[in-house]
Amino acid sequence: MHLLLLGVSHRTAPVELREQVDFARRGVPAALDALAERATLTETVVLSTCNRAEVYAASADPVAAAAELSRFMAAFHGVPGQTLERYVFRLVDHEAAGHLFRVAAGLDSLVVGEPQILGQVKDAYATAAERKRTGPLLNRLFHASFTVGKRVRTQTGLGEGAVSVSYAAVSLAKKIFGDLSGLNVLILGAGEMAKLTAVHLKAQEVRRISVASRTLRSAERLAEEIGGEALEWQHVDTALARSEIVITATGATDPVLTRARVEQAMRKRRDRPLFLIDIALPRDVAPDAGDIEQVFLYNIDDLRTIVNENLARRAAELERAEAIVRHEVAQFDQWLRSRGAVPTVVALRRRFEDIRQAELQRLEGKLSGLPPEAKARVDEITHLIVEKLLLTPTEQLKSVSDEAAAVAYADALNRLFGLTATDAAREPAAEDEDQRASSKPGALS
Amino acid sequence: MHTLVLLLYAAAAVAYAVTFTRRDPRAGKLATALLAAAAVAHTFLIGMARMQAGYMPFVGTTAAVSFFVWLLALAYLYTELTAAERAMGVFITPLLVLLQVIPTIDATAPSARPEVLQSPLFTLHVSAVLFAYASFALACMIGVTYVLLFKEIKAKHLGFFYARLPSLQVLDTMNMRAVTVGWAFLTTGVVIGAAWALTADFRASTDPRAQAMTVMDPKILVALVSWALYSFQLFARRAMRWGARRAAWLSAIGFAVVLMNFLPIGYFLTKSHNF
Chain A
4 MHLLLLGVSH
14 RTAPVELREQ
24 VDFARRGVPA
34 ALDALAERAT
44 LTETVVLSTC
54 NRAEVYAASA
64 DPVAAAAELS
74 RFMAAFHGVP
84 GQTLERYVFR
94 LVDHEAAGHL
104 FRVAAGLDSL
114 VVGEPQILGQ
124 VKDAYATAAE
134 RKRTGPLLNR
144 LFHASFTVGK
154 RVRTQTGLGE
164 GAVSVSYAAV
174 SLAKKIFGDL
184 SGLNVLILGA
194 GEMAKLTAVH
204 LKAQEVRRIS
214 VASRTLRSAE
224 RLAEEIGGEA
234 LEWQHVDTAL
244 ARSEIVITAT
254 GATDPVLTRA
264 RVEQAMRKRR
274 DRPLFLIDIA
284 LPRDVAPDAG
294 DIEQVFLYNI
304 DDLRTIVNEN
314 LARRAAELER
324 AEAIVRHEVA
334 QFDQWLRSRG
344 AVPTVVALRR
354 RFEDIRQAEL
364 QRLEGKLSGL
374 PPEAKARVDE
384 ITHLIVEKLL
394 LTPTEQLKSV
404 SDEAAAVAYA
414 DALNRLFGLT
424 ATDAAREPAA
434 EDEDQRASSK
444 PGALS
Chain B
-16 MHTLVLLLYA
-6 AAAVAYAVTF
4 TRRDPRAGKL
14 ATALLAAAAV
24 AHTFLIGMAR
34 MQAGYMPFVG
44 TTAAVSFFVW
54 LLALAYLYTE
64 LTAAERAMGV
74 FITPLLVLLQ
84 VIPTIDATAP
94 SARPEVLQSP
104 LFTLHVSAVL
114 FAYASFALAC
124 MIGVTYVLLF
134 KEIKAKHLGF
144 FYARLPSLQV
154 LDTMNMRAVT
164 VGWAFLTTGV
174 VIGAAWALTA
184 DFRASTDPRA
194 QAMTVMDPKI
204 LVALVSWALY
214 SFQLFARRAM
224 RWGARRAAWL
234 SAIGFAVVLM
244 NFLPIGYFLT
254 KSHNF
């Protein structure tokens, strides 16, 4: 059984093509149903996000399956095969697994380390599992990818620290106030950056956003856009006293908030913390206002410094995340290869068991005189001998990690013990994966 | 048994340190489990002593230290569960280990209860005061972390503590809560103690320690000083313009006074509480 991946992502294709192959248009379940009709693909999962459209499949015949996947992709989305050919990537076995693990860890994302992707991978798997389109291979693969995603999240700092100025301001506010709901935000000025930060704060469900600008018109415009209220400029001091977070972004050349003005507001607010975010250039808040007890003043340069530090820290965490991916890929690969040996192992065991049974049958006449306990002992001892004889060969077979060597081993065993495919096919209800692996040779014979 | 308890506390301290530096949630779960195991073993230890003696085993400072460590462990576990926040463990557990060394070394059987302490008020008085001390210990650690985080944010250098501690607001709330609870228990403990010292039976006692039971005894004097300090903190926070950072400092200073009263004064200076 092999693992196949056919996909298009933001790394390989322009947005125009990604839009054309977006599974969301016709729905992932429809795609899964269409894939189910293609017999060479025994298991399938469709991962569809705004940055990628990927189909993971399991098949015994990787060459035929790859062609099948390409045909499906072109037919399902109505995109000419040649066009698609220029932008898709195909990966097999451990490379496909490695790709999914990197995706789940956020390593393949546009913003490296972003956390949403793991949830999307989980959803993709759940949708396929619901429609019974997953089996032993993809079950194992996707659960391993969840592990990778979780380990990278908890054991590295890959997703940590804000990487944009407005988000850095929000995360600072959270570190000062904890929960932001119930807080009042005041915006002075109506610039683009002020708006962006306000939108982020709005998402944290702050209680009220007030906007004041030199002209009431522009304040009203911004207030309307972000769902806040506009203030007349002369009410700024009142608003300052009741707000916890203040964003300043006016075009004024002199500081709008002097130390004295902030101090006056702090008296009224009984020294509850005040977070001043000054994103104007030249600055709107006098720098010495930041010396006041319980006033936290950050200007645009401070925020940029934080963002740069976070970016550097994330880069330093990349290698640790990649190491986790490599480790999990190696584990998955070993499991995948050991599955290749399953039919041979099953056939070998069946052969030994047949011999044992035949010998017991042959000796039936001589054994019949024995008491039942003694007969049971004979059965037990012969069974143990067979198990012991097979123990090492089974372990060795399953641990062969080189595919060529695995084929050579299987070949040698088939010849030495005269194994036939039917030996394996006769295996009665064994565990799910063994049965699947052994059904293949049986179908051939 | 004493050694086992100490070892469990030490193991928990190490696990909390690992959790804090590596931020590994599995280490965090292990740390909590180890601390819970230590607390359970410690409960067993105290329960055994209680059964042996027939009264609550906190006659003498050493026994009181053991009881205090047990209370602090439980109080911390409670805050960890309710606040879903493990960051404080790294500050609390070393204190538990250091203090638990005393009853481990000095593991003599609890001193016999002198006649003067044979009153139901004894258990109430000691329990209330020790619980207050445990709350103040928590407040102290929370206050220290507040100051550390405050400094990082003020200095615009977001580093080690920024990534590991909860928000200033949460720390402030936890600090004031711990101080309020501690203050209430200390008040109760002191009032019970005073009422008890004024009873006719107590005053009639010929025990020299009962004779020394005056406000001028160092143990009682410093206890009143610490009570005044925490009262001031609560007052200043409400009525004066005292912000969260100053309150955090007061929690740290307050517990230093409490600890001084508990150990050096309790062991060497007091003439009224040296049982």
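Residue numbers (our numbering), protein chains in the order written: chain A, 4 to 448; chain B, -16 to 258. Each residue gets a CB set at the ideal place from its N, CA and C atoms; glycine is no exception. These figures come from a predicted structure and were not determined experimentally.
- Interface annotation, W225 (chain B): in contact with chain A, CB-CB separation under 9 Å.
- Residues of the region 249 to 274 of chain A with a C-beta less than 9 Å from any C-beta of chain B: M269, R270, R273 and D274, listed in chain order.
- Sorting A:S221, A:D305, A:L8 and A:I280 by C-alpha distance to the C-alpha of A69 (chain A) places A:L8 at the top.
- Bounds of the alpha helix (DSSP H) holding Y145 (chain B) are F143 to R147.
- In terms of Cβ geometry, L18 (chain B) and T76 (chain B) form a close pair [threshold 9 Å].
- Interface annotation, G343 (chain A): not in contact with chain B, CB-CB separation never under 9 Å.
- Taking a contact as a CB-CB distance under 8 Å, the pair E71 (chain A) and L44 (chain A) counts as one, their CB atoms being some 6 Å apart.
- For E57 (chain A), the uninterrupted beta strand (DSSP E) run begins and ends at R55 to S62, by DSSP.
- In the DSSP assignment, V249 (chain A) falls outside any alpha helix (DSSP H) and lies within the beta strand (DSSP E) extending over I248 to T251.
- The closest CA to that of P396 (chain A), considering only A:A350, A:R217, A:R359 and A:A283, is found on A:A350.
- For F278 (chain A), the three-state secondary structure derived from DSSP is strand.
- Taking the Cα positions, F299 (chain A) is about 29 Å away from S214 (chain B).
- Burial check for Y61 (chain B): the Cβ neighbour count within 10 Å stays below 16, so the residue is exposed.
- Residue pairing by DSSP puts E232 (chain A) in a beta bridge opposite A:S213.
- Contact note: Y145 (chain B) reaches chain A through K178, using a C-beta cutoff of 7 Å and chain order.
- Interface residue (Cβ-Cβ distance to chain B less than 9 Å): D305 (chain A) is classified as such.
- Proximity of chain A to S150 (chain B) at the Cβ level (cut-off 7 Å) is accounted for by K177, K178, I179, F180 and G181, in chain order.
- Per DSSP, reduced to three states, the secondary structure at E46 (chain A) is strand.
- Taking 9 Å as the threshold, the shortest C-beta distance from K134 (chain B) to chain A does not fall below it.
- R380 (chain A) and L392 (chain A) have their alpha carbons spaced roughly 18 Å apart.
- Counting only the Cα atoms, A20 (chain B) lies some 28 Å from F144 (chain B).
- For I190 (chain A) against I250 (chain A), the beta-carbon gap comes to about 5 Å, under 8 Å, which counts as contact.
- For Y116 (chain B), the enclosing alpha helix (DSSP H) begins and ends at P103 to K137.
- Where V288 (chain A) is concerned, there is no enclosing beta strand (DSSP E), because DSSP gives it neither an H nor an E.
- At least one CB of chain B lies nearer than 9 Å to the CB of I309 (chain A).
- With a cutoff of 9 Å on beta-carbon distance, D64 (chain A) and H5 (chain A) are scored as near each other.
- Among the residues of chain B, none has a CB under 7 Å from the CB of T347 (chain A); the nearest is roughly 39 Å distant.
- Among the bridge pairs identified by DSSP, I190 (chain A) is matched with A:V214 and A:I250.
- Rounded to the nearest angstrom, the gap between the Cα atoms of V310 (chain A) and G164 (chain A) is 8 Å.
- For T137 (chain A), the CB contacts under 6 Å within the same chain, skipping 5 residues up- and downstream, are E46 and A131 in chain order.
- Around the beta carbon of G165 (chain B), a 10 Å sphere encloses 16 or more other beta carbons of the protein chains shown; the residue is thus reported as buried.
- Below the 7 Å Cβ cutoff, chain B contributes K139 as neighbours of Y301 (chain A), in chain order.
- Contact residues of the region 228 to 242 of chain B toward chain A are R228 and R229 (C-beta to C-beta distance below 9 Å).
- Counting the other CB atoms within 10 Å of its CB gives D287 (chain A) a total of 16 or more, which places it among the buried residues.
- Among the residues facing chain A, V127 (chain B) is not included, as its CB has no counterpart in that chain under 9 Å away.
- Interface criterion met: the Cβ of V153 (chain B) is under 9 Å from a Cβ in chain A.
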